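**Student:** Please see the structure below; I have some questions.
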Amino acid sequence: MPEQVSEDVIEEVRKTNDIVDVIGEYIQLKKQGRNYFGLCPFHGEKTPSFSVAQEKQIFHCFGCGKGGNVLTFIMEMEQYSFYEALRFLADRSGVHLPELAQQQTSSISLENQNLLDASGWVTKLYHHLLRYTKDGKEGYQYFHDRGITDDTIDVFQLGFAPNVKDFTAEFLQKKGFHQQILVKAGLLSLNEDNTITDRFRGRVMFPIRNHLGKTIAFGGRTISDQEPKYLNSPESDLFQKGRILYNFDLAKKHIRKQSEAVLFEGYMDVISAYQAGVKNAVATLGTSLTESQARLLRRYVDTVIICYDADKPGTDAAYKAAGMLQKAGCEVKIGNMREDMDPDDFIKEFGAEAFQHQVIKSSLTFTSFYMRYLKKNYNLSLEGDRIHYIEKLLEHLATIESSVEREYYLKEVSDSYNVSMDSLIQEIQANREKMALVEDKKNKNRYTNKTSVHHHIKKLLPAFHNAERQLLAYMLQDAAITDSVQEEIGVSFNIEEHKVVATHLYAFYEEHQQADVSMFVEMLTDDRLKQLVTDIAMIPVHDHIQREEMNDLIRVIRAENSNKKDIQSLKEEQKLAEQQNDPIKAAEIAMQIIELQKQWKSIN
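Residue numbers for the sequence shown follow this note's numbering, so the first one is 42 and each next one is one higher.
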C-alpha cells in the first residue's frame, strides 16, 4: 500500500468509480447472471472470457488470468503507474487528491510528455487562429463553404496553420520547447540548409486525438495547390496510425449506447456525419483498416456499418474492411450510398435526415453488398459469366449458418436467374459438405501437426485443491467464516499460494471488519497473487455457507495434510531401515507408501 496517499483517499477514489462503468468505457460488457462479460482487452479472443463482478468490484479473465480491481485495470490498460491511475480515476469522479499524490513521477517519458504538451498548445493555437483572427480567415472560409458550423469546428478543435514558415516554431520556442523535439514530432521540418520551417503551413488542421482525448498528431489538408493534398504527422511512440481511429474518443460513448459503430474513410466524412447526427462515427487515418483497428471496434460493438465512397476504390476498400471485421467477429453492414458519391457529398446534397435514413438506417447486409460487388466482375449478359457468377455466389451463401437466411438469398437468385430452388439447394449442400471436410482436416491437423499451436487446457484439480479454493472463496466474502477457518486450521493449507492468501486475509480482517475483495486485492503487492485472488473470488459459491459444508471442506484439506504427514513419516522409517541394512523392512515400508498413494489417488 503506497504510504504517500491515505487508504481513505484511495478507497474514496475506488468507490466513486464503479468498475463496470469504467471497464465499460473500454469494452462492450453484457450481463450474464450476477456478472458482466466481454472480450478481454489484454489478449486476442473471439469468445468472451473476461468477467467483471460488480458486487465485488473486481475483474478476472479466465483466458489469460489477468485480474484485479478498478485501479489495477487502469494501470494495465493505460500502462499507468499506481499514482497516474489514481489521478485518472480521481479526475473522472471529481475526488480531490492530496498535493503529494499529484507530484508522483509519470510513467510516460519526459520526451513524450513534452510532445503531448506541445501538441496541446498547437491545437489551441491553430483553433484560435481559425476562429478568431484574420490570419485564419482563409481556413475558416474553407470549412464554412463545406457546410461545417462553428459548433462543429469547436467540437473537433479544427484549426488553420498560417502560411508563414516560422510562425509555429517561434510560438513553441517561447513556450520553452526544444526545436529538436518538435522536429521529431513532425510539427516542424528540418531543411537541407539546417533551417527550421513549419510542417503544416497554409493548411487547415485536424487534430488527431487518442482515446483519452489528448492530441497526439495532426492531419493537414491543403486549400491551395500544395502537394500532397493531405499531410499527416510522422508515426511515433504516441502515434501509430494503424492502431487508432479518428474521433474514437468522442464516438466511443455513442458507440456503446447504440451498439453500433459507423466506419468512414476520412476526417471530413466523420465530421459531416457527426454534424448530421451520426455521433458513433470513426475513420481510419489514410490507410486500409488494420487487424488492430478491427479488434478495437469488436471490443466495443457487435455491429459495424462501413460507409465508404461508392466508387470502385471505395467498394474495393469496403469489401476488404468487411473481411477484416468479420475475421474479428463483427457483424458487418454496408451503408447504402448512391453510386459514385461519398458521405460528405451526400449530406451536402440531400441533408442530414436523408443520410441517416437512406444511407445508415437502410444499410445493406454484407451478403446483399457482396451480391452487388461480385456482379461487377462479370458480364451477366453472357451465359458463361452468369453461371460463374451464380457458382461463386453460392460458395459464399454456403458459409451462412442460418438456413432461413440462406433460403432468403437463394430465392432471390432463383427468381433473378430462373434457376430452380432444388438445384440451388443441392449445390449449397455440396459446398457445405466440402467445407465440413476441410474443417475436419484442419481439426485433425491440430493434433497431428507438431508445429501447430498448443492451447492451454486447465488440468482437473485434485479434491483437496478444489476444497481449498472453495473455502478461500467463502473466506473472501465473509469475515466470520475466516475467523472460523483460522481457529480450525490456521494456515494449514496444502497449496503454498493458498497459505499466503489465507495469511493475508487473517491480517486484513484484523484491520477491516467487513469483507471487501476489491480493497483486499489493493493490499496485495504480488501481481500473481492478485490474479489468483480474483480467480478464486469469481468461483460461484452460496451467499452463506452451511456449517456442514464448511466441515466437509476442512475435512478434505486435513485429510490431505494427514496423508502427506503419514507418507513423510513412512519415508523416514524407510530411510532408517536402509541405513540399518534391513532391505526386507525397507521394502515392506515402500509397499505401504505405494498403497497409501494409491488410496489417495482413488479419492482424488
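A virtual CB, placed ideally from N, CA and C, is assigned to each residue, including glycine.
Since the model is a prediction, treat every value here as computed from it, not as a measurement.
#1: Please state the DSSP three-state secondary structure of S90.
#2: In the DSSP assignment, what residue or residues form a beta bridge with V46?
#3: Could you compute how far the alpha carbon of M161 sits from the alpha carbon of L438?
#4: Go ahead and pull the three-state DSSP assignment for P248.
#5: What is the DSSP secondary structure of E66, reduced to helix, strand or coil?
#6: Return the Cβ separation of V303 and I257 in integer angstroms, given the expectation that the two are a contact with Cβ distance under 8 angstroms.
#7: For N592, does the count of other Cβ atoms within 10 angstroms reach 16, so buried, or fall short, so exposed?
#8: Helix, strand or coil: which one does DSSP assign to F78?
#9: Taking the alpha-carbon positions, what's the A142 to P89 distance?
#10: Among L517, N535 and L570, which one has its Cα closest to the Cα of P581?
#11: Roughly how many angstroms lie between the CA atoms of Q198 and P248, to the nearest whole one?
#12: Taking the alpha carbon of R297 as the reference point, which residue from E529, Y341 and E551 has its own alpha carbon closest?
#13: By the DSSP assignment, the alpha helix (DSSP H) with K571 in it spans what residues?
#14: Going by the CB atoms, is the gap between N273 and G327 shorter than 8 angstroms?
#15: Taking contact to mean 3 or more Cβ pairs, one atom from each stretch, closer than 8 angstroms, check whether the region 208-215 and the region 320-336 are in contact.
#16: Within a Cβ cutoff of 7 angstroms, which residues of the same chain sit near V111, ignoring the five residues on either side of it in sequence?
#17: Apply the 10 Å Cβ neighbour rule to N321 and answer buried if 16 or more other Cβ atoms are within range, or exposed otherwise.
#18: Distance, Cα to Cα, E233 vs D290?
#19: Out of F534, T113 and L80, which has the shortest C-alpha to C-alpha gap to G104?
#20: By a C-beta neighbour count over all protein chains shown, 10 Å radius and 16 as the cutoff for buried, is S265 buried or exposed?
#21: Go through the region 431-492 residue by residue and report every complete run of the alpha helix (DSSP H) that reaches 4 residues or more, in order.
#22: Which value, in whole angstroms, describes the spacing of the CA atoms of D463 and D456?
#23: Can you say whether T174 is buried or exposed, counting buried as having 16 or more other CB atoms within 10 angstroms of its CB?
#24: Starting from the Cα of T344, find the closest Cα among T356, T406 and R413 and give me that residue.
#25: Evaluate the contact criterion for the region 69-80 versus the region 541-551: three or more CB pairs, one atom per stretch, below 8 angstroms.
#26: Under the rule that 16 or more other beta-carbon atoms within 10 Å means buried, what is H585, buried or exposed?
#27: Can you give the Cα-Cα distance for E53 and E66, rounded to whole angstroms?
#28: How about D385 and S313: are their beta carbons less than 8 angstroms apart?
#29: Among the residues of its own chain, which have a CB less than 7 angstroms from the CB of H84, if the five just before and after it don't count?
#30: Determine the direct distance from the alpha carbon of M564 to that of T575, and round the result to whole angstroms.
#31: Tell me where the beta strand (DSSP E) around Q73 begins and ends.
#32: Does DSSP put N273 in a helix, a strand or coil?
#33: Out of K255, R242, G283 and C348, which has the shortest C-alpha to C-alpha gap to Q267?
#34: How would you call H496, buried or exposed, if buried means at least 16 neighbouring beta carbons within 10 angstroms?
#35: Taking 7 angstroms as the cut-off, is the beta-carbon of Y419 closer than that to any non-hydrogen atom of the ligand COA?
#36: Determine, using beta carbons only, whether Q399 and V319 come nearer to each other than 8 angstroms.
**Tutor:** Walking through what the data contain:
#1: coil
#2: Answer is none; V46 lacks a bridge partner.
#3: The displayed chain sequence assigns Gly, not Met, to residue 161. If you take the alpha carbons of G161 and L438, they lie about 50 angstroms apart.
#4: strand
#5: coil
#6: 23 angstroms between Cβ atoms; not a contact.
#7: exposed
#8: strand
#9: For A142, the predicted structure reports a pLDDT of 48, less than 50, and the residue's modelled location is therefore unreliable. The matter cannot be settled from this model.
#10: L517
#11: 7 angstroms
#12: Y341
#13: D568 to A578
#14: yes
#15: no
#16: R55, N58, I60, V63, Q98 and L130
#17: buried
#18: 38 angstroms
#19: L80
#20: exposed
#21: 444-458 and 462-489
#22: 13 angstroms
#23: exposed
#24: T406
#25: no
#26: exposed
#27: 20 angstroms
#28: yes
#29: G104 and C105
#30: 13 angstroms
#31: K71 to Q73
#32: strand
#33: R242
#34: Note on H496: pLDDT 39, under 50, position unreliable in the model; the coordinate value appears next. It is exposed - the Cβ of H496 has fewer than 16 other Cβ atoms within 10 Å.
#35: In terms of ligand content, the structure shown is empty, and the ligand COA therefore cannot be addressed.
#36: no
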